[in-house]
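These notes concern the structure reproduced below.
There are 2 protein chains.
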Amino acid sequence: MKIELYLQQLKEQGFKITPKRKAIIELFSKKKSYLSPQEVLEKLTNNFPGISVSTVYRILEELQDAGILVKIGHEDRQLYYSLCRMPDQHHHHFICRKCRRVEEVDLCNFKEFERFISKNLDCKVENHSVQIGGLCSRCK
Amino acid sequence: MKIELYLQQLKEQGFKITPKRKAIIELFSKKKSYLSPQEVLEKLTNNFPGISVSTVYRILEELQDAGILVKIGHEDRQLYYSLCRMPDQHHHHFICRKCRRVEEVDLCNFKEFERFISKNLDCKVENHSVQIGGLCSRCK
DNA sequence: ATATAAATCGAAACCATTTCGATTTAGGAT
DNA sequence: ATCCTAAATCGAAATGGTTTCGATTTATAT
Numbered sequence: 030m031k032i033e034l035y036l037q038q039l040k041e042q043g044f045k046i047t048p049k050r051k052a053i054i055e056l057f058s059k060k061k062s063y064l065s066p067q068e069v070l071e072k073l074t075n076n077f078p079g080i081s082v083s084t085v086y087r088i089l090e091e092l093q094d095a096g097i098l099v100k101i102g103h104e105d106r107q108l109y110y111s112l113c114r115m116p117d118q119h120h121h122h123f124i125c126r127k128c129r130r131v132e133e134v135d136l137c138n139f140k141e142f143e144r145f146i147s148k149n150l151d152c153k154v155e156n157h158s159v160q161i162g163g164l165c166s167r168c169k
Numbered sequence: 030m031k032i033e034l035y036l037q038q039l040k041e042q043g044f045k046i047t048p049k050r051k052a053i054i055e056l057f058s059k060k061k062s063y064l065s066p067q068e069v070l071e072k073l074t075n076n077f078p079g080i081s082v083s084t085v086y087r088i089l090e091e092l093q094d095a096g097i098l099v100k101i102g103h104e105d106r107q108l109y110y111s112l113c114r115m116p117d118q119h120h121h122h123f124i125c126r127k128c129r130r131v132e133e134v135d136l137c138n139f140k141e142f143e144r145f146i147s148k149n150l151d152c153k154v155e156n157h158s159v160q161i162g163g164l165c166s167r168c169k
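Quick mapping for you: the protein sequence lines, in order, are chains A and B. Under my numbering, the first residue of the first sequence carries the number 30, and numbering increases by one thereafter. Under my numbering, the first residue of the second sequence carries the number 30, and numbering increases by one thereafter.
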């Protein structure tokens with residue numbers, strides 16, 4: 030997906046296109062890995078000396094609200110984001126434990142779970158989250 | 030699973046049976062919901078006035094290490110634990126968004142994922158986490 | 001009963017994240 | 001091009017969940 034499409038997406042959601050927002054989208058576009066706010070801050074400091082921590086946190090959250098980034102769940106319970114390359118279709122993520130690369134997994138066999146749970150536990154299933162870990166093609 | 034079995038499990042792992050550890054296991058045994066360290070602290074304060082925050086955090090971590098508790102992933106990225114009622118077999122969890130009840134889901138159709146990923150992404154799959162949300166039989 | 005390694009206390013540190021009032025900026029209107 | 005205004009950014013301080021660590025207490029093996 031091209032940068033321009035993300036920027037358009039941002040605009041459509043009522044956000045302004047600022048240099049920092051653009052730079053953050055570009056950053057995530059060229060890396061397939063997830064990043065922490067601190068890491069994003071460090072990468073941006075070259076082009077934007079003095080950029081504020083709070084700005085980074087806020088932009089990351091806004092980009093997620095706009096559907097451009099997704100939060101990645103991590104054991105250390107800190108914030109991590111990666112680019113959402115399949116905004117339209119439901120999918121899951123494979124995450125490389127070595128290089129942090131995030132790959133979209135365009136498969137979901139959740140129906141079976143849903144049937145099982147509805148039947149055995151008599152619960153109403155509303156959502157599910159799946160995250161797959163391992164080594165990517167480069168790291169394995 | 031009976032309390033005694035958990036205590037035995039604790040002992041086998043080289044931990045001592047202390048009143049606070051026992052009380053925490055009992056607490057989780059009678060509630061099927063997940064709890065935060067703060068909540069555990071509050072519940073224990075009745076029987077153990079002056080119990081230390083650090084003790085609660087430490088015990089919770091140790092009980093997880095011993096396989097008695099499991100960490101529950103939460104949007105707010107804070108610590109939550111619930112009792113592990115199926116220590117031996119691989120399973121997943123259904124979590125009620127209203128009452129926080131945690132139900133074991135004794136089903137895993139991950140093989141299909143694994144095949145899909147290995148084939149399409151050429152990755153080595155090592156682990157996966159699945160969490161299902163909704164309303165339990167009581168709350169729906 | 002004693003010894004001792006493990007467990008607990010408690011206060012302080014830690015640190016990622018959030019808050020908020022002041023300042024600057026993007027982008028539509030003139 | 002200039003102006004206007006709401007949105008965006010700054011920056012320093014607060015927040016608060018979690019961890020640390022040295023001193024004290026306790027479980028349990030002997």
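Beta carbons are placed, not taken as given, at the ideal position from N, Cα and C, and that holds for glycine.
Q. Quick one: what does DSSP say Asn76/B is sitting in, helix, strand or coil?
A. The count along the second sequence starts at 1 and reaches residue 76/B at position 47. The answer is coil: DSSP assigns Asn76/B none of H, G, I, E or B.
(Q) Applying the 10 Å Cβ sphere with the 16-neighbour rule, what's the burial state of Gly79/B? (A) Mapped onto the second sequence, residue 79/B falls at position 50. With fewer than 16 other Cβ atoms within 10 Å, it is exposed.
Q.
Here's the rule: buried if 16 or more other CB atoms are within 10 angstroms of the residue's CB, otherwise exposed. What is Ile54/B?
A. Within the second sequence, numbered from 1, the residue matching residue 54/B stands at position 25. Flag for Ile54/B reads buried.
Q: Note down, in chain order, each residue of its chain lying with its Cβ closer than 6 Å to the Cβ of Phe57/B, except the 5 sequence neighbours on either side.
A: Indexing the second sequence from 1 puts residue 57/B at position 28. Leu112.
Q: Note down the Cα distance separating Lys45/A from Gln37/A, rounded to an integer number of angstroms.
A: As a working mapping, residue 45/A is identified with position 16 in the first sequence. As a working mapping, residue 37/A is identified with position 8 in the first sequence. Distance between the alpha carbons of Lys45/A and Gln37/A is about 10 Å.
Q | Where Gln42/A sits in the DSSP three-state scheme | A | Residue mapping note: residue 42/A aligns to position 13 of the first sequence, counting from 1. Correct three-state label for Gln42/A: coil.
**Q.** Beta-carbon proximity list for Ala95/A, same chain, < 7 Å, skipping 5 on both sides
**A.** Numbered from its first residue, the first sequence carries residue 95/A at position 66. Residues of the same chain with a CB within less than 7 Å of the CB of Ala95/A, apart from the 5 flanking positions on each side, are Gln38, Leu39, Gln42 and Phe44 in chain order.
Q | Per-residue contacts from Glu141/B into chain A (C-beta, under 8 Å) | A | Within the second sequence, residue 141/B is the residue found at index 112, counting from 1. Within 8 Å Cβ-Cβ: Leu136 and Asn138.
Q | In chain order, each alpha helix (DSSP H) run of at least 4 residues that lies wholly inside the region 86-114 of chain A | A | none
Q: Starting from Leu164/A, follow the beta strand (DSSP E) in both directions and report where the run begins and ends.
A: If you number the first sequence from 1, residue 164/A lands on position 135. Lys153 to Leu164 is the extent of the beta strand (DSSP E) around Leu164/A.
**Q.** Selection from Lys127/A, Lys51/A and Leu136/A that minimises the alpha carbon distance to Lys153/B
**A.** Walking along the second sequence from the start, residue 153/B turns up at place 124. Looking at the Cα atoms, Lys127/A is the closest of the given residues.
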